[in-house]
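Residue numbers (this note's numbering): 1 to 228.
Here's the structure, in structure tokens; my notes come after.
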Amino acid sequence: REEVRMSRRFTVIDAEQRSQAWKAARVGRLTASRAKDVLAHIKSGEAAARRDLRTQIVLERLTGEPQDSDFVNADMQRGLDLEADAFAAYEAVTGRMASRCGFVAHNELLIGCSPDGVLDDFDGILELKVPRSATHLGYLRAGAVPPEHRPQVIHALWVTGAGYCDFLSYDPRFPDGMQTCYVRVDRDEREIAEYATKALTFLDEVANEYEAVRTMWCVGAVLREVVA
């Protein structure tokens, strides 16, 4: 089932995550799952993750086809298999009911995100993780959203305009009381603005590279026609 709902800020494509419709909706956009790659940096030059992401989005805009790999390893499959249980665990821990969500596409910018859940018509959003046990233990010890996932959360808050993101890690192999690690991230306009500045710079680079490739192809086509 695919359904499109409009708001003033974004469009919600209610397609099942990882379905073909969901993949098509993400083509050419900067999504939350790759937000950390926008911020990747090294001492000199450009980080490979950032460069590869720019190339991927350019290719998607050129071809109209998703460039993500469909490979699913054992850890990823386990996360998919336990996603419904993690959703239920969130509702049990918080007493709040979340609704499922497909892909959220911003109406003006080529950005988007796929929250695992939505609270009260996007007053809040939900991010679920079903990690390895060692990773879950690290989350429990830290009691905070891990740094590697914070860009994803900030990106999703930017896209949706939500006031908070509830982050929950779930591992049923732990004893009762330790199976979930729940953290709320309240909207921080300064942090979002700092991230948005970097993301928009990256998107400008994507647009410039796309136009450069298109121009190169058009010039080449004209020369080939002249020669012919």
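Just so you know, even glycine gets a beta-carbon here, dropped at the ideal spot from N, CA and C.
Note that the structure is a prediction, hence the values are computed from the model and not measured.
Taking its Cβ as the centre, do 16 or more other Cβ atoms sit within 10 Å of Gly-102, making it buried, or is it exposed?
Residue burial is scored here from C-beta neighbours: Gly-102 has at least 16 other C-beta atoms within 10 angstroms and is therefore classed as buried.
Whole-number beta carbon distance between Ile-125 and Ala-156, since they are thought to touch under 8 Å:
Rounded, the Cβ-Cβ distance is 6 Å, consistent with contact.
Based on Cα-Cα distance, which residue from Leu-203, Met-216, Arg-190 and Glu-211 lies nearest to Arg-51?
Of Leu-203, Met-216, Arg-190 and Glu-211, the residue nearest in Cα terms is Leu-203.
DSSP state of Ala-142, grouped into three classes?
DSSP places Ala-142 in helix when its eight states are reduced to three.
Neighbour-count burial assignment, Gly-28, 16 or more Cβ in a 10 Å radius
Under the 10 Å beta carbon count, Gly-28 is surrounded by 16 or more other beta carbons and is classified as buried.
Considering only residues of the same chain and omitting the five flanking positions on each side of Arg-184, which have a CB-CB separation below 7 Å?
Excluding sequence neighbours, Arg-184 sits near Tyr-164 and Asp-166.
Alpha carbon of Phe-87 to alpha carbon of Leu-109, nearest angstrom
Looking at the two C-alpha atoms, the distance is approximately 30 Å.
Verify whether the separation of the beta carbon atoms of Arg-153 and Val-145 is less than 8 Å.
The amino acid at residue 153 is misidentified as Arg; the sequence shows Val. Yes. Within cutoff.
Using the C-alpha atoms, what's the distance from Ile-13 back to Leu-168?
For Leu-168 and Ile-13, the gap between their C-alpha atoms comes out near 24 Å.
Quick one: what does DSSP say Arg-132 is sitting in, helix, strand or coil?
Residue state, collapsed to three classes: coil.
Taking only the alpha-carbon atoms, compute the straight-line gap between Asp-123 and Ala-142 and give it to the nearest angstrom.
The C-alpha of Ala-142 is placed about 26 Å away from the C-alpha of Asp-123.
State the beta-bridge partners of Arg-184 as determined by DSSP.
Beta-bridge pairing links Arg-184 to Asp-166.
What is the rounded straight-line gap between the Cα of Leu-62 and the Cα of Ser-114?
Answer to the nearest angstrom: the Cα atoms are 23 Å apart.
Closest residue to Val-206 among Ala-24, Ala-84, Arg-9 and Thr-55 (Cα-Cα distance):
Here the closest residue by C-alpha is Thr-55.
Tell me, to the nearest whole angstrom, how far the beta carbon of Ala-98 is from that of Gln-179; I am working on the premise that it is less than 8 Å.
Contact doesn't hold; Cβ gap of about 18 Å is too wide.
Mind listing, in chain order, the continuous beta strand (DSSP E) runs of no fewer than 3 residues lying wholly within the region 7-37?
Here the runs fully enclosed are 10-13.
When the distance is taken between beta carbons, is Asp-85 closer than 8 Å to Tyr-170?
Contact: yes.
Separation of His-41 from Val-72, as counted between CA atoms
The straight-line gap from Cα to Cα measures roughly 27 Å.
DSSP puts Val-118 in a beta bridge; with which residues?
Answer is Ser-99 and Ile-125, bridged to Val-118.
Alpha carbon to alpha carbon, how far is Gly-177 from Glu-46?
One Cα belongs to Gly-177, the other to Glu-46, and the distance between them is close to 43 Å.
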